[in-house]
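The block underneath contains the structure these notes are about, expressed in structure tokens.
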Amino acid sequence: MKIIVCIKQVPDTTEVRIDQKTGTLIREGVPSIINPDDKSGIEAALVLKERYGAHITLLSMGPDQAELALIEGLAMGADRAILLSDRAFAGSDTWATSIALAYAIKKIDYDVIICGRQAIDGDTAQVGPQIAEHLSLPQVSYVTSIEKEENSLKVKKVFEDFSQNIRIKMPCMITVLKEINQPRYMTVGRIFDAYKENQVERWNIQNIDMDPSLTGLKASPTQVKKIQTKGAKTAGKVFEVDAREGARLIVEKLKEKFVI
Amino acid sequence: MDLKAYKGILVIGEQRQGNIQNGTFELLGKAKELAAKLDCNVSVLLIGNGLNEQHGKILAKHGADNIFMTNDHSLENYSTEPYTKTITKFINENKPEIVMISATTIGRDLAPRLSARLKTGLTADCTSLDIEENTQNLLMTRPAFGGNILATIVCPNHRPQMSTVRPGVFQKQEFDVRKPLKINCVRADITKEDLNIEILDTVYEKTEKKNIEEANILVSAGRGIGSKENITKLETLAKELGGLVSGSRAVVDAGWIDQPSQVGQTGKTVRPDVYFACGISGAIQHIAGMEESDLIIAINKNPGAPIFDNADLGIVADVNQLIPALVEELQKETHK
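Protein chains in written order, with the working numbering: chain A, 1 to 260; chain B, 1001 to 1336.
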């Protein structure tokens, strides 16, 4: 089985803080990580490899520094890593990103594409299904378990209040939730190997035979018009009192608002 | 692309086992507001099987001017390709300028697939929608970077302008319907090739569990409550007020409450009448999921906790002492 796992390097948004004076994001010192859902995608592929035998290619689109995320994936046990990087991709929205990734995927042999459900910086959950559409592949998103059958996969998809077991023929695309597994750590030997030079292949727009007018800012249907940091709601009164007095203050407030 | 050829707002309705979901009604209410600014109609397309006049009536009551439905056994339950194909055909024929979809697990599977097929833009999980005055473009505002920033997105040169909205973000509205109900049937041309996945079984979760999105009062636990055992104290308070217990990501990760009751960026968006934040520090990801609550009461030992910046009333105290005291005080009130 040949598996492609699409991964994104993201700032760890739980570490992002806001500068209270300027109201801007403090990005300095914020660590970059493999997007958590994507990391579970790598782990899911590694489990399939252990169980059924597989070749795993990691694919990431991003700036030079995204190489680190790919190296980490190699050190977890992936077989091949490709960094798709070109100025032509700059400013891409999900549409322009997914079409570029689809062009790259056309150059790779695969049975299954695994994406994480969504990235913690954008939270859109769009790129996976859009890749599947560009490649005319069947898809199942929100997957929490994968088993291989002969020419198909049996997956469990979760909805808000129910779940389904689904059979999907390969080639196909699935997106996984981070709940699917607990990603393993890198092994020391593999970290050493992964850091050796030229372990990550570099592809630019020529490598994927893509017309630059199809991607990047200009080919993106959506545009960011305005960015603002959220102002805190006008803070109410805060009281430092004992439990009994605090309880009374709350009861008063609930009465004032006709809750009780 | 001739942008002017696209007119009107289309809401993609969502039904599960024949029940129209709340998110659909909420979108219709918002669509009606936007339609007034654009001077256009609101249409709804409800896909399923065995849909009838009752479905039509309730859609009209919540703001749909034009009602479209499919009745096709292959569309009874959601499946990506048959739904994408049916909606794409409908959009290409009817050319709405705006398409709104609920950001549920179904909508978030469907919407990106649709946008890629229609070659247009899609903005996910919008928390506010408006019309830009001079351009008449849809202004789609959504949180990003874990809720740290709000980005306003436009889709100026492609149509339709597509957005998804999480259930609970907008409020449903009811309207007086004066015109007679007319249901337009939409034919689906689903072939064998479109049925490209096989649903082996569907398992429904126990319905006893109550949905925190529908609760009027939420008593929400944070790491500050200290242990799983202390959840019972919150349950007593919730019971006293007729509410439910929810929690932050930290307590879900700790296994103190179940994931479906998680509030925040990676959980649910709630807007109850009263939200008790008990021992919740107030990470931005959490605030993003509850800041629209009418009344926010925060209880935390740490006077510097960011939750106090977002609360209407803050009490700096030990939550495990305060909650039992509050329950007592409430009981006194009811026995007065």
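Just so you know, even glycine gets a beta-carbon here, dropped at the ideal spot from N, CA and C.
From the DSSP output, read off the bridge partner residues of A224/A.
Going by the sequence as given, residue 224/A is Val instead of Ala. I1153/B, per the DSSP bridge assignment.
Three-state secondary structure assigned by DSSP to T1202/B:
Secondary structure of T1202/B (DSSP, three-state): strand.
Where the stretch 1110-1137 of chain B meets chain A: residues whose CB sits under 9 Å from a CB there:
Answer in chain order: L1110, A1111, P1112, R1113, L1114, S1115, A1116, R1117, K1119, T1120, G1121, L1122, T1123, A1124, D1125, E1132, N1137.
Alpha carbon to alpha carbon, how far is Q1015/B from I1047/B? Give it in angstroms, no decimals.
Straight across, the Cα-Cα distance linking I1047/B with Q1015/B is about 8 Å.
Could you give the C-beta distance for E1198/B and I146/A, rounded to a whole number, given that I count them as a contact under 8 Å?
The Cβ separation is near 15 Å, so there is no contact.
Please classify M76/A: does DSSP put it in a helix, a strand, or coil?
Correct three-state label for M76/A: helix.
Alpha-carbon spacing of E1235/B relative to I180/A, whole angstroms:
Distance between the alpha carbons of E1235/B and I180/A: 30 Å.
For P1303/B, which residues in chain A fall below 8 Å Cβ to Cβ?
Going along chain A in sequence order, the residues near P1303/B (Cβ under 8 Å) are V238, E240.
Which residue's Cα is closest to the Cα of H1286/B: I1296/B, G1267/B, E1093/B?
Looking at the Cα atoms, G1267/B is the closest of the given residues.
As assigned by DSSP and simplified to three states, the class of Q1015/B
DSSP places Q1015/B in strand when its eight states are reduced to three.
Determine, using beta carbons only, whether P1156/B and E133/A come nearer to each other than 9 Å.
9 Å or more divides the Cβ of P1156/B from the Cβ of E133/A.
Using only alpha-carbon positions, find the residue among Q223/A, Q9/A, G189/A, L101/A that is nearest to G39/A.
Per the sequence shown, the amino acid found at residue 39/A is Lys instead of Gly. Taking the Cα of K39/A as reference, the smallest distance to any Cα among Q223/A, Q9/A, G189/A, L101/A is reached at Q9/A.
Extent of the continuous alpha helix (DSSP H) to which T97/A belongs:
Annotation: the continuous alpha helix (DSSP H) that includes T97/A extends over 94-106.
What are the complete alpha helix (DSSP H) segments, minimum 4 residues, inside the stretch 1051-1122 of chain B?
Counting only runs of 4+ residues, the alpha helix (DSSP H) found wholly inside the stretch 1051-1122 of chain B occupies 1053-1061, 1080-1094, 1107-1118, in chain order.
Could you list the residues in the stretch 1302-1324 of chain B with a C-beta less than 7 Å from some C-beta on chain A, going in chain order?
Those residues of the stretch 1302-1324 of chain B that come within reach of chain A (Cβ to Cβ, closer than 7 Å) are P1303, F1308, D1309, N1310, A1311, D1312, L1313, G1314, I1315, V1316, A1317, D1318, Q1321, L1322.
Span of the alpha helix (DSSP H), counted from its first residue to its last, around N1022/B
Segment 1022-1038, the alpha helix (DSSP H) holding N1022/B.
Give the interface partners of Y142/A over in chain B, defined as CB-CB distance under 9 Å, in chain order.
Using a Cβ-Cβ cut-off of 9 Å, Y142/A is close to T1105, R1108, D1109 of chain B, given in chain order.
Can you give the Cα-Cα distance for V1270/B and L70/A, rounded to whole angstroms?
Each residue's Cα considered, the two are about 37 Å apart.
R1178/B at chain A interface by Cβ criterion, 9 Å:
Taking Cβ atoms only, chain A never reaches closer than 9 Å to R1178/B, which makes this a no.
Is it buried or exposed, T1191/B, if we count other Cβ atoms within 10 angstroms and call 16 or more buried?
With fewer than 16 Cβ atoms within 10 Å of its Cβ, T1191/B is classed as exposed.
Mapping the DSSP letters down to three states, classify D1130/B as helix, strand or coil.
Residue state, collapsed to three classes: strand.
Quick one: give me the first and last residue of the beta strand (DSSP E) that Q9/A is part of.
Q9/A -> beta strand (DSSP E) spans 9-11.
Nearest-angstrom Cα distance between S1079/B and E201/A?
About 37 Å.
If we ignore side chains and look at the alpha-carbon of each, how far apart do F1145/B and E1329/B end up?
Distance between the alpha carbons of F1145/B and E1329/B: 41 Å.
Counting only Cβ-Cβ distances shorter than 9 Å, please list the residues of the stretch 199-232 of chain A near chain B, keeping chain order.
Under the 9 Å Cβ criterion, the stretch 199-232 of chain A contributes S220, P221, T222, Q223, V224, K225, K226, I227, Q228, T229, K230, A232.
Please classify E1214/B as buried or exposed, where buried requires at least 16 other C-beta atoms within 10 Å of its C-beta.
So E1214/B ends up on the exposed side.
contact_flag[the stretch 1182-1189 of chain B, the stretch 1062-1075 of chain B] where n(CB pairs < 8 Å) is 3 or more
Yes: the two stretches touch, three or more of their Cβ pairs being nearer than 8 Å.
Counting pairs of Cβ atoms below 8 Å between the stretch 219-230 of chain A and the stretch 1294-1304 of chain B, do you hit three or more?
Contact between the stretch 219-230 of chain A and the stretch 1294-1304 of chain B is not established, with fewer than three Cβ pairs separated by less than 8 Å.
Counting only Cβ pairs nearer than 8 Å, list the residues of chain B close to K253/A.
Simply L1295, I1297, D1312, L1313.
First through last residue of the alpha helix (DSSP H) which encompasses I250/A
Start and end: 243-256.
With distances taken from CA atoms, which of F1175/B, R1223/B, N1320/B, I1284/B is nearest V1042/B?
Comparing alpha carbon positions, the residue from F1175/B, R1223/B, N1320/B, I1284/B closest to V1042/B is F1175/B.
What are the residues of the stretch 158-171 of chain A that lie near chain B, defined by any Cβ-Cβ distance shorter than 8 Å?
Within the stretch 158-171 of chain A, the qualifying residues are V158, F159, E160, D161, F162, S163, Q164, N165, I166, R167, I168, K169.
Apply the 10 Å Cβ neighbour rule to L1181/B and answer buried if 16 or more other Cβ atoms are within range, or exposed otherwise.
Under the 10 Å beta carbon count, L1181/B is surrounded by fewer than 16 other beta carbons and is classified as exposed.
For I113/A, go through chain B and note every residue whose CB falls closer than 8 Å to its CB, in chain order.
Neighbours of I113/A in chain B, taken as residues whose beta carbon is under 8 Å from its own, are absent, since the nearest beta carbon is some 14 Å off.
Anything in chain B within Cβ reach of P138/A, meaning under 8 Å, just list it in chain order.
Result: T1080, E1081, N1196, I1197.
Can you give me the Cβ contacts of V1154/B inside the same chain, cut-off strictly under 6 Å, excluding the 5 residues immediately before and after it?
If we look at V1154/B and ignore the five residues flanking it on each side, its Cβ neighbours are N1137.
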